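Position 206 of the sequence shown, counting from 1, maps to 206 under the UniProt record's numbering, and the rest follow consecutively. Backbone N, C-alpha and C define an ideal beta-carbon position, used for all residues, glycine too. Note that the structure is predicted; figures quoted are calculated from it, not measured. This report refers to the structure that appears directly beneath it.
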Amino acid sequence: MIFVVPALILAMGGIIAMVSKNSDQITSEQTVKVVDESGIFKGKFHNSKKIKFQTINQSLKEAKSNITTDSVLTLYIPANYNSKPNSVEIFSKKKPSFKLTGEIEKQMNDIAVNTSLMEHHIDTAFLHSIKSSISLNAIEITETGDKNANVGANVTVGIACAILIYMSLFIYGAQVMRGVIEEKTSRIIEVIISSVKPFQLMLGKIIGVGLVGLTQFAAWIILSVISTKIAGQALHSPQGSMMSILAVLQTIPFGYILGCFIFYFLTGYLLYSALFAAVGSAVDSETETQQFMFPITLPLLFTYILSVSILFQAPDSPLAVWLSIIPFTAPVAMMVRLPFGVPAWQLELSMFLMVVGFLFTTYVASRIYRVGVLMYGKKASYKEIVKWFFYKE
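Take a look at the structure:
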């Protein structure tokens, strides 16, 4: 998988680019029959490559009865459409696509606005001629001079890192938990415990799996960079789009982000994998882990949902700042904020609390692990786990 994953990522990127480029060829041609009782839109719709409009002189009932295939739709515009909200309807054999409904809505709004302007004797041609298309170029003022902020690239890198951290904590944490359950159910743990202390065994398993994960990430990053550069040289000229993309990526401080990514992966992994190991020691099979897993993973899931929906839009908001400082949520939230620039004190505080956090969870988990790993046949509860924590050596 070390070699397969970068190849799959590259192949997926190529497929997505190809599909996006040829998206018009995927959708089939659709005919929209317009029943316009208002008379305002008659003959004013413009056909596109995949959408053909036909104004028909039929009642809505007759038009609906003639819908016999998926490619034919009926657009009904009542006479009082302007005064009655949600009165314009489109009928079809199956759910219409967002692209289709969006195109129809856009054309109807344009026609309605132009009609109103003409009724008030306003020259629509003049209005269209003075329309402007302003594109905002974000410039960041730094100590070394002004530079392009590349907001879009920062958002992409931040979300990608957050998703990667979120997935890796689940994957490698669950791997630790399954390893503990396997050793416990096979009774091999009894032999191992005679040679090493439970804390040493738990820490060895956590560190071992963590280093495997780190090795995989390092290999994936190196191979992905190499394969992307090779593909760029093979498929594009020096002035091509690939070079433009690489130029944009060069403005992002990858060394800084990569260093923080490794730190938050390791500390986040140590924090969560210790709890996963404690869960694995408390149960006899993987099916019993669900009641303990949900409370542990809820902060991570909560932060992930917020990161890909809200936090990247306001990376300096109080919510984003607090989530990037609290140890249970910081690995995901901080990775979203990093490309936009984080004050040094916030990053230092977050890192300090991450270290404190994983030391604390490791201590708690080891207290539970030392007892739970030798418990068999008894279904654990939260009350029982609390008792294990307070047992003396």
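Pairing ALA278 with TYR382 gives a Cβ-Cβ distance that is not under 9 Å. Note: ASP123 is not bridge-paired with any residue in the DSSP secondary-structure output. Inclusion of SER71 and GLU119 in the CB contact set at 9 Å is not warranted, their separation being larger than that value.
In this structure, SER48 keeps its C-beta atom at 9 Å or more from the C-beta atom of GLU105.
In the DSSP assignment, THR74 forms a beta bridge with LYS33, PHE91.
Burial state of THR68 is exposed, judged by a 10 Å Cβ sphere holding fewer than 16 other Cβ atoms.
Put simply, the backbone Cα of VAL34 is about 7 Å away from that of PHE53. For LYS44 against ILE111, the beta-carbon gap comes to about 5 Å, under 8 Å, which counts as contact. Across the set GLY259, PRO253, TYR272, the C-alpha of TYR272 shows the shortest separation from the C-alpha of ILE207.
DSSP places LYS52 in the strand class (E or B) of the three-state scheme.
Taken through DSSP and simplified to helix, strand or coil, ALA218 comes out as helix. Our two residues, LYS131 and TYR269, have alpha carbons roughly 53 Å apart in a direct line. By the beta-carbon neighbour count (other beta carbons within 10 angstroms, threshold 16), ALA125 is exposed. With a beta-carbon spacing of about 5 Å, THR303 and ALA333 fall inside the 8 Å limit used to define contacts.
In its chain, beyond the 5 residues on either side, THR303, THR329, ALA333 have a beta carbon closer than 6 Å to the beta carbon of LEU323. Relative to the Cα of ALA218, the nearest Cα in the group PRO198, PHE265, ILE192 belongs to PHE265. Pairing ARG178 with PHE340, the inter-Cα distance amounts to about 37 Å.
The straight-line gap separating the alpha-carbon atoms of ASP36 and TYR76 is approximately 6 Å. Proximity to VAL4 across GLY259, GLY158, ILE222 peaks at ILE222, based on C-alpha coordinates. Annotation: ARG187 is outside any alpha helix (DSSP H) and is labelled neither H nor E by DSSP. The three-state secondary structure of TYR369, taken from DSSP, is helix.
Excluding sequence positions up to five before and after LEU169, its CB lies within less than 7 Å of the CB of GLY268, TYR269, TYR272, LEU300, PRO331, all in the same chain and listed in chain order. Put simply, the backbone Cα of GLU62 is about 40 Å away from that of LEU127.
Each residue's CA atom was taken as its position, placing ILE15 and MET1 some 20 Å apart. Nearest Cα to ILE40 within the set ASN114, ILE90, THR101: ASN114. Between VAL283 and PHE312, the C-beta spacing is not below 9 Å. Distance from the CA of LEU211 to the CA of ALA314, rounded to the nearest whole angstrom, comes to 34 Å. Assignment of TYR391 by DSSP, reduced to helix, strand and coil, places it in the coil class.
Boundaries cannot be given for MET1, as no alpha helix (DSSP H) includes it and DSSP labels it neither H nor E. In this structure, the straight-line span from the alpha carbon of LEU306 to that of ILE325 is close to 15 Å.
Taken through DSSP and simplified to helix, strand or coil, TYR382 comes out as helix.
A straight-line Cα-Cα distance of about 43 Å links ILE385 and PHE254.
In the DSSP assignment, GLN290 falls within the alpha helix (DSSP H) that extends over 290–307. When rounded, the separation of the alpha-carbon atoms in SER309 and ALA162 is 12 Å. GLN58 carries a coil assignment under DSSP once its states are collapsed to helix, strand and coil.
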